[in-house]
Amino acid sequence: MMSGPLLIGILSGSDVIASWRTMMGETNPKDALPGTIRGDFAQAPEANAPMMNCVHGSDSLDSARREIELWFGGATEDSK
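Written out as structure tokens, the structure reads:
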């Protein structure tokens, strides 16, 4: 699941999930626009090779809460 060092963070703010997902770009780097994180830094798969994704973002508040619990072992004030 992981191929190198990992940096984990919690973003907060108004409409942060949609904003972050826009900055990340499409899940498949082949479809991600230049100027997005995936468009500029991820590696698109060749044939049957695995996708080399470089960023993740929760797709909903429920997912964010679950992932915060998984990685940090508890909720922050902003995630409650």
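All the letters of the sequence shown, read from the start, carry residue numbers 919 to 998 under our numbering. Beta carbons are placed, not taken as given, at the ideal position from N, Cα and C, and that holds for glycine.
Bounding residues of the alpha helix (DSSP H) (the contiguous stretch that carries residue i)
| i | result |
| --- | --- |
| E985 | L979 to F990 |
| G957 | I955 to F959 |
| A950 | Premise fails: A950 is in no alpha helix (DSSP H) and is neither H nor E. |
| I928 | Per DSSP, I928 belongs to no alpha helix (DSSP H) and is neither H nor E. |
Whole-angstrom C-beta distance between residue j and residue i, which should lie under 8 angstroms
| i | j | result |
| --- | --- | --- |
| P947 | A967 | Between A967 and P947 the Cβ distance is about 12 angstroms, and since that is not below 8 angstroms, they are no contact. |
Through-space distance from residue j to residue i, alpha-carbon basis
| i | j | result |
| --- | --- | --- |
| T940 | T954 | 8 angstroms |
| C972 | V934 | 19 angstroms |
| D1003 | G943 | With the chain running from 919 to 998 in the structure shown, residue 1003 is simply not present. |
| W989 | G975 | 13 angstroms |
| E985 | A936 | 17 angstroms |
Given residue i as reference, the closest of the options once Cα atoms are compared
| i | options | result |
| --- | --- | --- |
| D977 | T945, P952 and R956 | T945 |
| S921 | L929, G957 and M969 | M969 |
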